[in-house]
Structure formats: structure tokens, C-alpha cells
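Have a look at the structure below, then the notes.
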Amino acid sequence: MKVLLLALLCTISFSASAQWWRLGKNKRYPLIAQAQTPAYRLTPSKFSLPKVSRCTIGQTSYSLVLSEHTVMKTAQHQMRFREYENASYSFNELAKIYVQLNQLSEAKWFFLQSNNLSRQQNNDRLTIANLIELSNVKQAIGDFSLAQQDLEEARDMAKNHNWQDDIQAVKKRIDNLQLTKLAALKPEAGFGKAGQATL
Numbered sequence: 167m168k169v170l171l172l173a174l175l176c177t178i179s180f181s182a183s184a185q186w187w188r189l190g191k192n193k194r195y196p197l198i199a200q201a202q203t204p205a206y207r208l209t210p211s212k213f214s215l216p217k218v219s220r221c222t223i224g225q226t227s228y229s230l231v232l233s234e235h236t237v238m239k240t241a242q243h244q245m246r247f248r249e250y251e252n253a254s255y256s257f258n259e260l261a262k263i264y265v266q267l268n269q270l271s272e273a274k275w276f277f278l279q280s281n282n283l284s285r286q287q288n289n290d291r292l293t294i295a296n297l298i299e300l301s302n303v304k305q306a307i308g309d310f311s312l313a314q315q316d317l318e319e320a321r322d323m324a325k326n327h328n329w330q331d332d333i334q335a336v337k338k339r340i341d342n343l344q345l346t347k348l349a350a351l352k353p354e355a356g357f358g359k360a361g362q363a364t365l
């Protein structure tokens, strides 16, 4: 029976749709013409651009504390998962934040930690940068001899690699350290002479 019905439908070529009597009765409407607007001739407007001056907004202590918290969490995560190379950079960044907060003992400690990690990873560029920054912190504290040792070690390391930019940077820091030493010694000598003159 099925075969007979299939043969009948194929010969008559009716559609197999159950609604064959509705085929072709969908009325197609003509396309709607696009609306045309009258042509206007628009003249381009001219704007005067004011001169904008660049304004630098310094960091507040609140933003520095937020930065410290963020970098500290990052460093803890890196140390937990033994990502020592990234942790050395995080410690360096954290020490710079502490320098801006004028917390020099914390800055010194984090520069030393970053220095130890960078030495373990053989990252001499970061080691030199840490030694230079560490000497600045020691100079601010008043440890001139230790600052001199750090700068000499950074200079020797830069000479071993023949990094001229680091050699020049260390040379400038050494000259600055010598001037700071002399400036620190002169007031004491002046007070001594003034004290002797009053006696």
C-alpha cells in the first residue's frame, strides 16, 4: 500500500505536504519604496579647539597604601607558587613604594630580598638596579660606607658584562654619594668652630 501511494504521488508529482491545496496562495506584496528625504546642503561646522594643558596628579598616601596591598598580595602569591623571578620584581616594586611612603627600613629589607632572589635567578640587570636603589636608601639613612660598597659591587658587575649605561649610572651615583658625604661632614666642622669661638 505504501509503495503504491508513493508511486502515485511521484507520478502525479504532488507535494508530500499535508496542506497541498494551500500551495501558491500566499500573496506577495510589492516591496515598499524607500523614503527619500529632500537633499539638504549641510555646511560643516567649525569648532575651536581649546588648548588643554597637561596636569600631573601626584600619588596620595591612600593610593600608595592600595598599591602596597596589591603588590604585597601578588608577591605572596608568587612566593607561594615558587615564581621567584616574578617575585624579585614584585619585591623591587614594593620597596619603591616604601621609599615613596618614607618607610626606609621596610624599603631596605625588600630591596635585599629582591637582590637575593635576583642573584639566585642570575638576573644581573635587576641585581644592579637593586644595588643602586639600596645604596640610595642607605645613603638616606646615613650608612655611607655600606652605600659605597653596594655601588662598587654594582659597578664591578656592570663592568663584567660591559653594560655602559649601568656603568655611567653607577658613576653618577658614586659622585652624588661623595658630595652627600662632604655635605654631611661640613656642618659638623662648622658647629665645632662656632662652639670653640664662643668659648
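With my numbering, letter number 165 in the sequence shown gets 331, and the count goes up by one each step, no holes.
The C-beta atom is built at its ideal place from N, Cα and C for all residues, glycine as well.
Q: Below 8 Å on the Cβ atoms is my guess for L310 versus Q279; work out the distance and round it to an integer in Å.
A: Per the sequence presented here, residue 310 reads as Phe, with Leu not at that position. Contact doesn't hold; Cβ gap of about 23 Å is too wide.
Q. Helix, strand or coil for Y195 per DSSP?
A. coil
Q: Consult DSSP for E376 and reduce its assignment to one of helix, strand or coil.
A: Outside the shown range of the chain, which is 167 to 365, sits residue 376, and nothing can be said about it.
Q.
Going by DSSP in three states, V169 sits in which element: helix, strand or coil?
A. helix
Q. Around the Cβ of Y264, are there at least 16 other Cβ atoms within 10 angstroms (buried) or fewer (exposed)?
A. buried
Q | N268 (DSSP reduced to helix, strand or coil) | A | coil
Q: Evaluate T293 with the Cβ neighbour count: other Cβ atoms within 10 Å of its Cβ, from every protein chain shown; 16 or more gives buried, anything less gives exposed.
A: buried
Q. Are the segment 220-234 and the segment 246-254 in contact at 8 Å, needing three or more beta carbon pairs?
A. no
Q | Buried versus exposed call for R339 [16 or more other C-beta atoms within 10 Å across all chains shown] | A | buried
Q: Classify I298 as buried or exposed, calling it buried when 16 or more other Cβ atoms lie within 10 Å of its own Cβ.
A: buried
Q: Using the Cα positions of L171 and R194, report the straight-line distance between them to the nearest angstrom.
A: 33 Å
Q. Does DSSP classify K212 as helix, strand or coil?
A. coil
Q | 8 Å Cβ shell around D331 - same chain, five flanking residues per side excluded | A | none
Q.
Helix, strand or coil for K262? Go by DSSP, reduced to three states.
A. helix
**Q.** Expected contact under 8 Å - CB spacing of L317 and L343 to nearest Å
**A.** 7 Å
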